[in-house]
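Asks:
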Amino acid sequence: MDFTPIIDGFGIVLQPTNLLYCLVGVVIGMLIGVLPGLGPAATIAILLPITYGIPPVSAIIMLAGIFYGAQYGGTITSVLLRLPGEASSVVTVFDGFAMAKQGRAGAALGIAAIGSFIGGTVSIIGLSVLAPVVAGYALDFGPPEYAALGLLGVLLVSTVGNGGKLKAIIAAAVGLLIATVGRDSFTGAERFTFGNLNLADGIDFVPIAMGLFGLGEILYNLEENHKKVHAPAKVTKVWPSRQDLSESKGAIARGSGIGFGLGVLPGGGAVLSSLVAYAVEKRRAKQPERFGRGAIEGVAAPETANNAAATSSFIPLLTLGIPANATMALMFGALLIQGVQPGPQLVDTHPDIFWGVINSMYIGNILLLIMSIPMVGVFVRILRVRPAILAPITALITMLGVYTVNNSVFDIYLVIVFGVIGYLMKKFGFDPGPMVLAFVLGTLIESSARQSLLIFGGDPTGFLTRPISGTILAAIVAVALFPLIRRAIRSRRGEPAVAPAPVETSPTEVPDRETTEAK
Amino acid sequence: MSTTSEPGRPQAAEVDVLEELKAELAQDLEEDRPPHAGPLAQVAAGVATLALGVAGMGLSLGYGLGSLTEPGPGLWPFAVAVAVTALSVAQLAFGRRAEDTEQFTRSSALTGLGVLSLVGLAALLPVIGFEVPSLVLMVVWLRFLGGESWRMTAVVSVVTVAVFYALFVLALSIPLPRLI
Numbered sequence: 003m004d005f006t007p008i009i010d011g012f013g014i015v016l017q018p019t020n021l022l023y024c025l026v027g028v029v030i031g032m033l034i035g036v037l038p039g040l041g042p043a044a045t046i047a048i049l050l051p052i053t054y055g056i057p058p059v060s061a062i063i064m065l066a067g068i069f070y071g072a073q074y075g076g077t078i079t080s081v082l083l084r085l086p087g088e089a090s091s092v093v094t095v096f097d098g099f100a101m102a103k104q105g106r107a108g109a110a111l112g113i114a115a116i117g118s119f120i121g122g123t124v125s126i127i128g129l130s131v132l133a134p135v136v137a138g139y140a141l142d143f144g145p146p147e148y149a150a151l152g153l154l155g156v157l158l159v160s161t162v163g164n165g166g167k168l169k170a171i172i173a174a175a176v177g178l179l180i181a182t183v184g185r186d187s188f189t190g191a192e193r194f195t196f197g198n199l200n201l202a203d204g205i206d207f208v209p210i211a212m213g214l215f216g217l218g219e220i221l222y223n224l225e226e227n228h229k230k231v232h233a234p235a236k237v238t239k240v241w242p243s244r245q246d247l248s249e250s251k252g253a254i255a256r257g258s259g260i261g262f263g264l265g266v267l268p269g270g271g272a273v274l275s276s277l278v279a280y281a282v283e284k285r286r287a288k289q290p291e292r293f294g295r296g297a298i299e300g301v302a303a304p305e306t307a308n309n310a311a312a313t314s315s316f317i318p319l320l321t322l323g324i325p326a327n328a329t330m331a332l333m334f335g336a337l338l339i340q341g342v343q344p345g346p347q348l349v350d351t352h353p354d355i356f357w358g359v360i361n362s363m364y365i366g367n368i369l370l371l372i373m374s375i376p377m378v379g380v381f382v383r384i385l386r387v388r389p390a391i392l393a394p395i396t397a398l399i400t401m402l403g404v405y406t407v408n409n410s411v412f413d414i415y416l417v418i419v420f421g422v423i424g425y426l427m428k429k430f431g432f433d434p435g436p437m438v439l440a441f442v443l444g445t446l447i448e449s450s451a452r453q454s455l456l457i458f459g460g461d462p463t464g465f466l467t468r469p470i471s472g473t474i475l476a477a478i479v480a481v482a483l484f485p486l487i488r489r490a491i492r493s494r495r496g497e498p499a500v501a502p503a504p505v506e507t508s509p510t511e512v513p514d515r516e517t518t519e520a521k
Numbered sequence: 526m527s528t529t530s531e532p533g534r535p536q537a538a539e540v541d542v543l544e545e546l547k548a549e550l551a552q553d554l555e556e557d558r559p560p561h562a563g564p565l566a567q568v569a570a571g572v573a574t575l576a577l578g579v580a581g582m583g584l585s586l587g588y589g590l591g592s593l594t595e596p597g598p599g600l601w602p603f604a605v606a607v608a609v610t611a612l613s614v615a616q617l618a619f620g621r622r623a624e625d626t627e628q629f630t631r632s633s634a635l636t637g638l639g640v641l642s643l644v645g646l647a648a649l650l651p652v653i654g655f656e657v658p659s660l661v662l663m664v665v666w667l668r669f670l671g672g673e674s675w676r677m678t679a680v681v682s683v684v685t686v687a688v689f690y691a692l693f694v695l696a697l698s699i700p701l702p703r704l705i
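From first to last, the protein sequence lines are chains E and B. If you're matching positions, the first sequence starts at 3 in our numbering and goes up one per residue. If you're matching positions, the second sequence starts at 526 in our numbering and goes up one per residue.
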């Protein structure tokens with residue numbers, strides 16, 4: 003393995019201006035991410051415009067900072083307000099909020115930061131080693147493989163996401179449809195533009211993401227603002243005590259492994275890994291009844307695992323060009339805006355960018371650790387500000403922010419339209435995540451499918467006879483049929499069908515994991 | 526706390542903790558949610574996406590499907606629209622009893638007002654610049670949607686717009702349409 007590009011990558015990342023961008027990214031990522039109701043996806047969406055006027059490499063570095071800052075912002079609200087920023091921080095709430103009630107909020111936030119740092123770093127090292135290898139394999143992929151892979155990605159995100167699966171798949175299909183708006187790249191014919199010139203080049207990713215995730219969330223919270231009273235717990239000592247550290251050591255080590263391993267899976271990697279990490283700790287504990295009552299391992303394990311998983315989800319993104327979840331779809335969109343096409347060729351054709359992305363993650367992670375501990379006090383003060391005051395400020399940031407991207411009023415209207423759609427989707431039980439992901443992948447799937455048909459001379463069975471695309475398609479069928487089979491088995495056993503919880507993937511990973519871990 | 530899995534199954538112990546956790550989570554999230562909206566909302570959701578699917582099919586037919594050897598511009602959107610339609614029919618058939626919707630309450634009107642103020646901002650921005658519409662938006666959200674006092678409203682809205690002006694116009698010199 004040639005290490006020169008890695009070291010060159012560090013040279014770029016460590017330039018003072020780039021460090022500054024990363025620092026600013028971490029701070030504003032945390033700043034917006036800490037706002038109740040705005041998870042990492044919403045935070046990154048709202049902050050997309052600020053990465054615009056910046057040179058690509060700096061913008062990517064800043065994005066890494068925003069990414070980690072936004073993740074940690076969600077943790078802060080989980081611990082202090084019992085409001086998880088995203089599904090993967092939900093388990094943190096149990097012990098995190100219990101610790102906060104006992105006056106140990108500082109220790110909980112501190113251990114979460116340390117765990118996130120270690121988990122993230124382990125994962126980045128794994129990523130640095132594994133990504134070029136995976137990319138090497140993926141170089142043989144042709145259009146049929148990409149079409150199948152894109153479809154599989156969309157389907158997996160829909161079926162392992164939150165809420166109803168059927169609705170998630172509908173949302174994804176609508177996302178694919180929205181992706182077709184604009185000029186057809188093969189024939190030049192305009193589709194679904196209704197004569198509107200603004201739509202001729204298709205709908206931009208930024209207004210869709212900012213509308214569905216950002217504004218949709220803000221509008222949704224507007225209803226709730228009156229009911230909820232936020233009174234964040236006091237935060238005193240942020241640095242965990244020596245006892246806290248020794249108690250969480252094992253949890254952090256295991257959480258890193260679990261997070262990295264499961265994070266590579268498309269879909270709910272981060273969510274599943276936080277649940278599994280928590281379950282493993284509870285199972286191993288000598289006094290499992292401590293969990294849910296303020297056990298520090300109960301914060302350390304899921305927070306380590308979700309950050310490790312969030313980081314290893316970059317592997318499918320950077321090597322295959324397939325985002326594994328909604329947050330990755332945003333990073334994918336953000337990279338595309340910077341002119342970076344994530345995919346197997348990236349490591350060979352643009353090693354500087356590939357390693358720039360990965361190395362900026364190291365830096366983002368370190369800066370997160372450095373910034374989170376002294377700045378927790380600031381964030382607690384932000385949480386004391388009433389949501390009614392924060393809501394119009396975030397709304398205004400979104401509105402003016404999207405305008406600055408293209409200097410286009412039309413984009414403001416688009417954000418409002420997609421904001422309303424996002425709000426209605428939430429009210430009617432649709433998860434906007436699969437829609438954004440499908441939108442991002444839509445063009446790739448369509449053009450690959452059409453190129454494949456050309457290669458096959460119009461014979462669609464060609465997808466099945468090529469070994470890799472055939473295998474992927476088989477996996478698609480398996481994923482689609484899995485819930486039905488599961489239900490059939492359940493009903494034969496006479497068990498009640500369990501209501502779809504956040505994670506629906508098979509828990510078989512768990513015993514597996516446990517046996518290796520126990521040795 | 527309820528457990529959904531039965532004891533004594535193979536590999537039970539580990540699965541149990543996970544299942545238990547999921548049940549606990551579901552319960553935990555349930556507490557915070559407003560009441561679900563009932564079957565009518567489920568049907569409405571299905572009908573809305575169904576309409577989208579049917580419209581998509583109709584329009585794509587107009588764009589020309591072509592053939593598999595020479596796909597027309599309408600082929601892919603048509604296939605996707607067929608999927609949307611079929612899935613919506615499935616939603617109408619099987620999804621009516623799901624409880625994942627939320628009732629609209631009186632405070633939903635606040636969201637409506639909020640959207641109107643955003644549209645107002647978008648309409649006025651190119652005409653009179655961003656300062657006044659932004660100020661109006663802040664006042665509407667703070668005073669009428671948020672129920673803040675007039676004093677608080679005045680201070681926060683003026684300061685926010687001033688900060689935006691300083692940031693966008695003076696510091697970053699972004700070409701926002703503006704009055705001053």
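Cβ atoms here follow ideal geometry from the backbone N, Cα and C, with glycine treated the same way.
1. DSSP puts residue 596(B) in a beta bridge; with which residues?
2. Counting Cβ pairs closer than 8 Å, one from the segment 331-351 of chain E and one from the segment 277-297 of chain E, do we hit at least three?
3. To which residues of the same chain is residue 651(B) closer than 8 Å at the C-beta, ignoring the five residues directly before and after it?
4. Where do the N-terminal and C-terminal ends of the alpha helix (DSSP H) with residue 357(E) fall, by residue?
5. Give a yes or no on whether 8 Å exceeds the smallest Cβ distance from residue 457(E) to chain B.
6. Which word fits residue 139(E), buried or exposed, when buried means at least 16 other C-beta atoms lie within 10 angstroms of its C-beta?
7. Count the other C-beta atoms from every protein chain shown that fall within 10 angstroms of the C-beta of residue 576(B), then say buried if there are 16 or more, exposed otherwise.
8. For the segment 378-391 of chain E, which residues have a beta carbon sitting closer than 7 Å to at least one beta carbon of chain B?
9. Using alpha carbons as the reference points, say which of 205(E), 197(E), 353(E) lies closest to residue 6(E).
10. Could you give the DSSP three-state label for residue 5(E): helix, strand or coil?
11. Under three-state DSSP, which class holds residue 624(B)?
12. Taking Cβ positions only, does residue 178(E) come closer than 8 Å to chain B?
13. Suppose you measure from the CA of residue 617(B) to the CA of residue 561(B); what does that come to, to the nearest Å?
14. With a cut-off of 8 Å, do at least 3 Cβ pairs link the segment 174-183 of chain E to the segment 601-608 of chain B?
15. Measuring CB to CB, does residue 347(E) end up less than 8 Å from residue 145(E)?
16. Quick one: is residue 473(E) buried, meaning 16 or more other Cβ sit within 10 Å of its Cβ, or exposed?
17. Can you tell me where the alpha helix (DSSP H) with residue 99(E) in it begins and where it stops?
18. Report yes or no: is there a C-beta of chain B within less than 8 Å of the C-beta of residue 22(E)?
19. How would you label residue 631(B), buried or exposed, when you count the other beta carbons within 10 angstroms and need 16 or more for buried?
20. Counting only C-beta atoms, is residue 672(B) closer than 8 Å to chain E at any point?
21. By DSSP, does residue 185(E) sit in helix, in strand, or in coil?
22. If contact means a Cβ-Cβ distance below 9 Å, which residues of the segment 205-226 of chain E contact chain B?
23. Extract the residue ranges of the alpha helix (DSSP H) inside the segment 193-276 of chain E, only unbroken runs of 4 or more that lie entirely within it.
24. Would residue 405(E) count as contacting chain B if we go by Cβ distances under 8 Å?
25. List the whole-angstrom C-beta distance separating residue 315(E) from residue 279(E), where the pair is believed to meet the contact cut-off of C-beta under 8 Å.
26. Cα separation between residue 10(E) and residue 361(E)?
27. Report yes or no: is there a C-beta of chain E within less than 8 Å of the C-beta of residue 592(B)?
28. Give a yes or no on whether the C-beta atoms belonging to residue 609(B) and residue 175(E) are separated by under 8 Å.
29. Would residue 683(B) count as contacting chain E if we go by Cβ distances under 8 Å?
30. Give me the Cβ distance between residue 82(E) and residue 382(E), rounded to the nearest whole Å; I'm assuming they're in contact under 8 Å.
31. Pull out every residue of the segment 555-583 of chain B whose Cβ sits closer than 7 Å to any Cβ of chain E, in chain order.
32. Determine the chain E residues that contact residue 588(B) at a beta-carbon separation under 7 Å, and present them in chain order.
33. Contact check, residue 71(E) vs residue 322(E) under 8 Å by CB: the rounded distance?
34. Using a C-beta cutoff of 8 Å, does residue 167(E) count as contacting chain B?
35. Mind the definition here: the segment 413-420 of chain E touches the segment 670-680 of chain B only if three or more C-beta pairs lie below 8 Å; say whether that holds.
36. Over the uninterrupted alpha helix (DSSP H) stretch that includes residue 404(E), give me the two end residues.
Replies: This is what the structure holds:
1. Answer is 591(B), bridged to residue 596(B).
2. no
3. 702
4. 353-386
5. no
6. Exposed is the label assigned to residue 139(E), since fewer than 16 other Cβ atoms lie within 10 Å of its Cβ.
7. exposed
8. 390, 391
9. 353(E)
10. coil
11. coil
12. yes
13. 17 Å
14. yes
15. Cβ distance not < 8 Å, so residue 347(E) and residue 145(E) don't count as in contact.
16. exposed
17. For residue 99(E), the enclosing alpha helix (DSSP H) stretches over residues 94-103.
18. no
19. exposed
20. yes
21. strand
22. 217, 220, 221, 222, 224, 225, 226
23. 207-211, 218-226, 244-265
24. yes
25. Wrong, their Cβ atoms sit about 15 Å apart, outside the cutoff.
26. 10 Å
27. So yes, residue 592(B) belongs to the interface.
28. yes
29. Not an interface residue.
30. 7 Å
31. 566, 570, 574, 577, 581
32. 191, 193
33. Not confirmed; about 26 Å, so no contact.
34. no
35. no
36. Segment 389-408, the alpha helix (DSSP H) holding residue 404(E).
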